[in-house]
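Heads up, the thing below is written out as structure tokens.
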Amino acid sequence: MAYRFLYLSAGATLLVFSAISPADSAQPPSCSPSETHQAWLERVNQARSQPRQCGDESFQAVESLTWSCALEAAAKDYAKNMAENDFFSHTSPSGKDVGERVRDQGYDWWAVGENIAAGQDSIEAVIEGWLSSPGHCANLMSEKFSEMGMARAQAPGSVYSPYWTQIFARPK
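Just so we're aligned: the sequence shown equals residues -23 to -1, 1 to 149 in mature numbering (1 follows the signal peptide of the UniProt record, and there is no 0).
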């Protein structure tokens, strides 16, 4: 069976930094990832633990990320939205970008970034694909991020299922 692999180009990978966010946002409480999410986090942190070349940019090994339930919720909602509405973009059909979607979860961020993928059946295939793409790799290796949430979603009849969303951030 043939699978389609989709990745946005490095230029389209969304990475947003801002000092402006709602003043009344409170950070959601910390949580523990599920067993599956813990395995995903360990795989990402394994990749971050080694120096890496992402296109023309070199990265030293960086600190491990921690799991964020707010980022997981934003990733889950977005992966589900892409699967159910059969689109693949960093911007939702309603025009929201990752920063807005994360703020909708009550997460007050200093830095935020997102990787998306579609068509891969395993976390290994998704991570290897992202590490092979300069922009996605740079997000994965960025020292500006301290937390991550990630989700996978499928929908009957969706062209590129499963859809994956990985969101990185550093809270204010």
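Beta carbons: idealized from backbone N, C-alpha and C, even for Gly.
Selection from the options that minimises the alpha carbon distance to residue i
i, options, result
"F14", "K149, E49, M118 and P70", "The amino acid occupying residue 14 in the given sequence is His; Phe does not appear at that position. The option with the nearest alpha carbon to H14 is E49."
"residue 151", "A128, K149 and S71", "Residue 151 is absent from the model: the chain starts at -23 and stops at 149."
"V75", "L108, R29, N62 and M125", "M125"
"W141", "G134, A95 and R147", "A95"
"I93", "H67, R147, S71 and Q30", "H67"
Own chain, CB closer than 7 Å to residue i, minus 5 neighbours either side, in chain order
i, result
"S41", "N22 and R25"
"C31", "P111, C114, A115 and M118"
"N58", "S69"
Cβ-Cβ distance between residue i and residue j below 8 Å
i, j, result
"A132", "S123", "no"
"A56", "Q82", "no"
"A60", "A130", "yes"
"V103", "I144", "no"
"V136", "D54", "no"
According to DSSP, residues forming a beta bridge with residue i
i, result
"R147", "A88"
"A94", "W141"
"Q30", "S35"
"M127", "Q143"
"W44", "M125"
Contacting residues, own chain, Cβ-Cβ under 6 Å from residue i (five flanking each side not counted)
i, result
"W17", "I100 and M127"
"V120", "The sequence given here has Glu at residue 120, not Val. Here the set comprises V39."
"F(-7)", "Confidence at F(-7) is low in this model, with a pLDDT of 38, below 50, so the placement of that residue is unreliable and no value is reported for it."
Same chain only: Cβ atoms within 8 Å of residue i, ignoring 5 sequence neighbours per side
i, result
"R20", "I100, E101 and I104"
"W44", "C8, S9, P10, H14, Q15, L18, E124, M125 and G126"
"P28", "S35, F36, Q37 and A38"
"A(-14)", "Annotation note: pLDDT 33 at A(-14) (below 50); position unreliable, no value reported."
Does the count of Cβ pairs from the stretch 6 to 22 and the stretch 83 to 93 closer than 8 Å reach three?
no
Whether or not the stretch 100 to 111 and the stretch 58 to 75 are in contact is what I'm after, with contact meaning three or more pairs of Cβ atoms, one per stretch, closer than 8 Å; do they touch?
no
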